[in-house]
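Just add 7 to the spot in the sequence shown (first one is 1) and you have this note's numbering. The C-beta atom is built at its ideal place from N, Cα and C for all residues, glycine as well. Owing to the predicted nature of the structure, the values given are computational and were not obtained by experimental measurement.
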Amino acid sequence: MESINVMVRSINMHIKRYNIGATKKVVCLHGFTGSSSTWEEVISNLPSSVEVLAIDLIGHGQTDKPVDSARYNVDEQIEDLHAIFQQLEWTHFTLVGYSMGGRLALAYTAKYPVDRLILESSSPGLADDGERQKRKLSDELLAERITKEGVISFVDFWENIPLFQTQKKLSPEQQANIRKERLAQSAVGLSNSLKGFSTGVQPSYWGILSDITIPVLLVTGELDVKFCAIARRMQQEFPNSHLEVIEDTGHAIHVEKPKIFATIIKKVILEEE
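Right, dumping it as structure tokens:
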């Protein structure tokens, strides 16, 4: 594994590459409060014939945390990704995104070509203007809370929201690792991610799903009722999509069931040629 910083559009971005030189290429984008480390167990269950690129998105992990929240805008992040792929000379790959990373993966695919798209517990944003404005205000309040109270207080709150209740069933060691990853974040990075790239700030991509003709795999956890419903709606819009609902699992399938998630990736990239 190679763990390096690359200069991308005036910021340092941290990336990890596994199985460098393998012909099959996969890019993994983490969720809010996560980092490239969230994929380690999944990657350990993938064959050496697959090169994996895991990226710390802006404001997260070891990537820079600019003080200007406008730098976190979806259009900026799309160009960050594209610049990385150009530096690495990657033109054919499967793009995997979880939650916030899934929103970015979808946004990237709407502008630039990828071979296949795997969206884990993600959405195309909010179609209703009123709902989007409500969410924007809610996320701005959360961003202010992070700035005022700090990361530890926020993580105490965040790990107890209903979305992550199923993670309470993980082993104490697994829960400790998740908490450690969240606590390693910075207040400025998390708050600016919410201000610049929350579900309430980003544009809705519902209207362009029918234009994305590449194979799309939607993956949700059976116990994550909200995102199962979103995925079913998305499946009806994508021309070439499949939905996998993983039993007895919540929002973060790659964390709760990493071997199953790795098997899903293998099936997509090794069989659907």
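Opposite residue i in the DSSP bridges: which residues?
i    : result
N12  : H21
T346 : In the structure as shown, the chain begins at 8 and stops at 280. Residue 346 is therefore absent and cannot be evaluated.
R262 : According to the sequence as given, residue 262 is Val; it is not Arg. In the DSSP output, where bridge partners are listed per residue, V262 has none listed.
G228 : I253
R240 : None, per the DSSP bridge assignment.
Buried or exposed: where does residue i fall if 16 or more other Cβ atoms within 10 Å of its Cβ makes it buried?
i    : result
G257 : buried
P54  : exposed
H99  : exposed
K266 : exposed
F268 : buried
T220 : exposed
L224 : buried
Q192 : buried
Taking the alpha carbon of residue i as the reference point, which residue from the options has its own alpha carbon closest?
i    : options              : result
L250 : H37, I125, Y105, D63 : I125
Y105 : D163, S43, Q192      : S43
V275 : T70, I237, G109, K31 : K31
T270 : G66, V49, G207       : V49
Y25  : N19, S10, I18        : S10
L201 : L60, N80, Y115       : N80
H21  : V59, D63, S51, M8    : D63
N19  : V34, A236, W46, D71  : D71
L102 : E83, L60, V15        : L60
Discussion item. Quick test of the definition: if touching needs 3 or more C-beta pairs under 8 Å, does the region 175 to 195 touch the region 130 to 140?
Written reply: Result no; under three Cβ-Cβ pairs closer than 8 Å.
Discussion item. Would the region 230 to 244 count as touching the region 77 to 91 if we require 3 or more Cβ pairs under 8 Å?
Written reply: no
Item to complete: Please specify which runs of the alpha helix (DSSP H), each continuous and at least 4 residues long, are wholly inside the region 138 to 199, giving them in chain order.
Response: 158 to 165, 179 to 190
Item to complete: With a floor of 4 residues, list each alpha helix (DSSP H) that falls wholly inside the region 62 to 110, ordered by position along the chain.
Response: 81 to 95
Practice prompt. Count the CB pairs spanning the region 142 to 151 and the region 192 to 207 that are closer than 8 Å, and state whether there are at least three.
Written response: yes
Worksheet item: Would you call the region 203 to 218 and the region 167 to 181 touching, i.e. three or more CB-CB distances under 8 Å?
Response: no
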